[in-house]
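Below is one structure, written out as structure tokens; comments come after it.
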Amino acid sequence: MLRTSKKPAPTCSWRAMPSLRRTTPWPPSANSMRHKGLIILAAALAASCNPQRWLPEGQTWIRRIELTEGAQVRSDDKYLELIQIQTNTNVLGSYPYVALYQRGARKPTTRRGRWLQNIGEAPALLDTSKVAETVMQLERKLRQEGYFFAKVGHEVVQGPRGTTLKFDLQRGKATRLGTVVPEVYAPAIEDQMTTLRMGSLLVPGMRLSRDMLESERKRIADFLKEHGFFTIGPEAVGFDLDTLGHPYRADGYWLIHNWVRDGEFGPQELPHKPWYFGRVTVADSLNYGLNARGIRRLHLLESGDLFRASTVTQSQEWLRRLDAYQNQQWRLSPRGDSLDAELVLKPAPRVGLLWETEGTNTSGIYGLQTAIEVRDRNPFGGLEALSGKVAGGLGVAVGDTSSLFRTYFLELGVQLEVPDLIGLPKVRRNQARSSANFTLGRQYRREFDRLAVSGELHYHWEAPNRLTWDLKPLYATYVDLRGVDSTFYAALASKSGFQDVLILGPRLSLKRPTFSEGRWSRRSEWSFETSGILTDLGMLATKPARDQPFTVANVPYAHYLRAEADYRWRFRGRQRREGAMRIQAGYLHALANSPGLPPFERAFYAGGSNDLRSWINFRIGPGALPKAVFDTAGFLGSGTIKLLGQAEWRFPIAGSIFGAVFADAGNVWLTSANVATAQWDLLDNPELRDAVSFNLLRMPRQTALGMGFGLRYDFDFFIARADWGLQVYDPRRLATGDAWWRPSEGIRRSALQIAIGLPF
135 MLRTSKKPAP
145 TCSWRAMPSL
155 RRTTPWPPSA
165 NSMRHKGLII
175 LAAALAASCN
185 PQRWLPEGQT
195 WIRRIELTEG
205 AQVRSDDKYL
215 ELIQIQTNTN
225 VLGSYPYVAL
235 YQRGARKPTT
245 RRGRWLQNIG
255 EAPALLDTSK
265 VAETVMQLER
275 KLRQEGYFFA
285 KVGHEVVQGP
295 RGTTLKFDLQ
305 RGKATRLGTV
315 VPEVYAPAIE
325 DQMTTLRMGS
335 LLVPGMRLSR
345 DMLESERKRI
355 ADFLKEHGFF
365 TIGPEAVGFD
375 LDTLGHPYRA
385 DGYWLIHNWV
395 RDGEFGPQEL
405 PHKPWYFGRV
415 TVADSLNYGL
425 NARGIRRLHL
435 LESGDLFRAS
445 TVTQSQEWLR
455 RLDAYQNQQW
465 RLSPRGDSLD
475 AELVLKPAPR
485 VGLLWETEGT
495 NTSGIYGLQT
505 AIEVRDRNPF
515 GGLEALSGKV
525 AGGLGVAVGD
535 TSSLFRTYFL
545 ELGVQLEVPD
555 LIGLPKVRRN
565 QARSSANFTL
575 GRQYRREFDR
585 LAVSGELHYH
595 WEAPNRLTWD
605 LKPLYATYVD
615 LRGVDSTFYA
625 ALASKSGFQD
635 VLILGPRLSL
645 KRPTFSEGRW
655 SRRSEWSFET
665 SGILTDLGML
675 ATKPARDQPF
685 TVANVPYAHY
695 LRAEADYRWR
705 FRGRQRREGA
715 MRIQAGYLHA
725 LANSPGLPPF
735 ERAFYAGGSN
745 DLRSWINFRI
755 GPGALPKAVF
765 DTAGFLGSGT
775 IKLLGQAEWR
785 FPIAGSIFGA
795 VFADAGNVWL
805 TSANVATAQW
815 DLLDNPELRD
825 AVSFNLLRMP
835 RQTALGMGFG
845 LRYDFDFFIA
855 RADWGLQVYD
865 PRRLATGDAW
875 WRPSEGIRRS
885 ALQIAIGLPF
């Protein structure tokens with residue numbers, strides 16, 4: 135029975151102001167408008183802090199729900215998710231969404247009323263049927279956990295600020311496992327019984343629960359299916375447990391039911407046995423346009439092999455990733471004493487067209503770039519994929535009247551991808567694929583004009599522990615600096631980082647897939663790359679001592695080591711809310727043939743839509759480099775050390791519109807060796823050298839801090855995002871003494887980032 139108390143009087147109220155006899159002038163003064171705005175705001179807050187005041191008589195608004203056990207509040211998701219009544223969204227102690235809904239409910243037939251109800255939230259009302267359903271669900275959950283005599287009580291407590299609905303768990307004594315033995319009559323399974331029992335999850339004395347029995351059922355079935363028993367599934371494993379005479383102890387046995395097949399005279403029950411593959415075929419293989427190499431790359435099951443569930447699953451996963459087919463399925467059927475396997479494929483369209491467009495914001499230049507890719511999914515009959523890509527973009531700087539478009543780029547690319555490792559056809563790796571790529575691109579800005587040609591051999595595979603490997607054993611890029619503005623060149627900290635250069639060397643990237651544990655999930659990525667290591671060893675063996683950078687075809691080659699790590703966490707909240715965090719660190723070490731800085735392309739930068747969102751990219755760092763340098767010299771900020779930390783809370787606003795609040799902190803720095811070899815007159819100043827070089831003691835003062843909020847619209851297949859960030863602490867302003875933001879500065883110290891997809 136529900137226990138209720140008398141409804142209290144509303145607590146949010148305001149006193150009417152006495153009328154003024156003098157006539158208010160028109161137009162009203164600024165103070166008058168400000169006072170009216172405050173009154174309207176106070177009225178809105180009063181309406182949202184206690185929604186129950188607007189409810190019809192007899193209805194009770196549920197402000198809070200508590201789950202308790204032994205006077206202790208429980209926060210277990212497995213119990214909370216069973217509660218059938220959900221409370222309303224609380225924003226700093228008020229309920230604006232409910233207030234909007236109630237405002238619209240006054241005139242529900244009008245367009246404005248329907249709109250307010252759509253973006254608002256209906257008040258959470260006390261529903262006795264849902265309370266009873268919650269009690270039944272909670273008691274059922276407790277019985278499934280072995281508390282067969284559990285009870286759940288409930289109580290409704292009304293207070294001055296709304297009603298609290300309380301559920302109290304009374305578990306009682308748990309029923310525990312006694313003796314559980316197997317009863318199996320299939321000779322082939324009896325041969326596996328010793329190994330099977332060694333991994334049993336059923337331990338005498340442990341608390342009996344349905345989840346534990348289901349886990350044991352699945353373990354038995356998975357073990358046997360991995361040893362050839364095709365006809366066994368979890369449904370074939372049964373338990374017979376008895377508590378008669380001892381209600382808190384369960385004894386019994388587990389068994390495996392025989393399988394049934396259609397016989398000559400009706401259904402025939404047979405004991406389970408190991409199965410071996412017989413005929414392995416590809417349905418209608420002539421219609422797929424495959425040659426012998428293409429058939430081999432399907433990685434078909436082998437005739438005569440013992441059936442293993444994991445082998446079939448891996449094959450299915452491999453086939454699913456083949457670009458040439460949009461549907462793949464293995465059909466397994468017993469025939470006599472063997473298992474026939476037929477692969478059914480549905481080809482994808484032979485030629486595909488992909489068009490991408492996105493907005494960009496680079497170093498204060500706003501632009502639009504687009505790409506068109508044409509892909510042939512099986513041009514040679516060996517499951518290869520050949521694609522060609524054309525990309526281009528234009529950019530304009532706000533306030534720049536020298537030309538309409540300040541920058542443009544054009545890129546052409548060709549890629550050949552195959553579903554194995556090029557040159558290593560007999561090396562089998564899980565999810566292996568490789569590609570050969572060639573690109574030619576040109577980037578033009580008012581400050582410089584560059585041409586880049588690159589080619590690479592790329593291997594990709596997945597290790598047994600799900601760690602993804604991306605290896606580029608062959609990588610080469612030639613950058614031709616066709617022209618550079620003299621003022622811009624003079625502002626570069628290291629001329630060697632921005633000139634004609636040849637980048638030669640392998641690259642390796644490791645990615646650990648997303649791992650989920652409860653509401654938390656995490657993923658990580660590491661990358662390592664080198665350039666010029668082997669080339670330099672060859673030069674040292676054949677050339678005299680180095681008095682200037684060695685060259686290949688009269689072009690100096692880059693010589694460096696680069697490492698980067700990226701860790702991300704996500705917390706999945708209720709009602710489509712989630713939190714996300716990210717930590718990133720990188721280090722770039724210049725070697726002998728790259729004095730000063732390595733190539734600009736491989737340096738680290740800060741700012742942008744996925745980084746420090748309160749700054750546009752390349753407009754902060756290294757360290758506390760003064761803001762005046764960026765404003766007067768056109769400097770592009772970059773460094774050889776990077777540290778970044780980000781946190782974000784995401785929440786729904788209305789329908790597909792989401793909001794976010796975020797905080798970003800980090801920067802890029804130079805090493806003392808970079809500073810010592812820099813070809814920049816400004817760094818002759820010792821104070822400026824300290825400002826840009828990394829030092830653990832100076833790092834806190836040189837770390838930028840930005841905070842802001844964002845809006846996102848979810849189109850299902852992509853997310854459009856706008857993030858506005860305030861420069862709360864700007865190390866560029868340390869020299870002028872105004873690094874911390876002040877309210878009087880308003881929004882002048884901020885940046886707006888427009889992007890596609892989430893930042894991390």
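Take my numbering: the last position of the sequence shown gets the number 894, and nothing is skipped along the way.
We put the CB at the ideal spot given by N, CA and C, even for glycine.
Only a predicted model underlies this, so the values are computations on that prediction, with no experimental measurement involved.
Paired residues, beta bridge with residue i - DSSP
i	result
G617	D583
H723	L695
G859	G842, A885
P401	D396
M715	W703, A781
F411	L473
V552	S568
R341	R310
G372	L389
Y593	S568, L605
V485	D510
V802	K776
Spatially closest choice to residue i from the options, by CA coordinates
i	options	result
Q836	T329, A869, R846, S643	A869
V337	R427, L759, A384, W489	A384
Q460	D474, R484, S467	R484
L299	A873, W783, H288	H288
G859	P607, A675, F796	F796
Y863	R331, F849, D848, A838	A838
G842	L778, P834, W749	W749
L276	F357, D302, P294, R657	D302
A256	A266, R567, Y235	Y235
F769	T621, P683, I881	T621
A799	A610, D745, K285	D745
V686	N808, P185, L638, F849	L638
M332	R341, A320, P316	P316
P834	R846, P820, P865	P865
A807	L725, D619, E507	L725
L943	E403, G372, P401	The displayed coordinates of the chain run from 135 to 894. Any statement about residue 943 would go beyond what the structure contains.
L304	A505, K285, G672, T313	Per the sequence shown, the amino acid found at residue 304 is Gln instead of Leu. Residue K285 is the option with its Cα nearest to Q304.
Environment of residue i [buried if 16+ CB atoms lie within 10 Å]
i	result
W160	Annotation note: pLDDT 47 at W160 (below 50); position unreliable, coordinate value reported separately. It is exposed - the Cβ of W160 has fewer than 16 other Cβ atoms within 10 Å.
G906	It is not possible to answer for residue 906, since the shown part of the chain is limited to 135 through 894.
T158	Note that T158 has pLDDT 42, beneath the 50 cutoff, so the model's placement of it is unreliable and no number is given.
K480	exposed
W874	exposed
Q709	exposed
R974	Residue 974 is absent from the structure shown; the chain starts at 135 and stops at 894.
L517	buried
N512	buried
A233	buried
W595	buried
R810	Strictly speaking, residue 810 in this sequence is Ala, with Arg absent from that position. By the neighbour-count rule (16 or more Cβ atoms within 10 Å), A810 is not buried but exposed.
E324	exposed
Simplified DSSP state of residue i, which is helix, strand or coil
i	result
R706	strand
Q460	strand
A233	helix
F738	strand
V416	strand
E360	coil
W452	helix
Q271	helix
N744	coil
Q292	strand
F764	helix
D824	helix
Neighbour flag for residue i against chain D, beta carbons, 8 Å
i	result
A692	In summary, chain D is missing from the structure at hand, where a single protein chain is found.
Beta strand (DSSP E) runs contained entirely in the region 629-658, provided each spans 3 or more residues: 635-638, 641-651
4 or more residues per run - each alpha helix (DSSP H) lying fully within the region 185-265: Entirely contained in the region 185-265, the alpha helix (DSSP H) runs reaching 4 residues are, in chain order, 211-214, 230-239, 245-253.
In chain order, each alpha helix (DSSP H) run of at least 4 residues that lies wholly inside the region 663-688: 667-676
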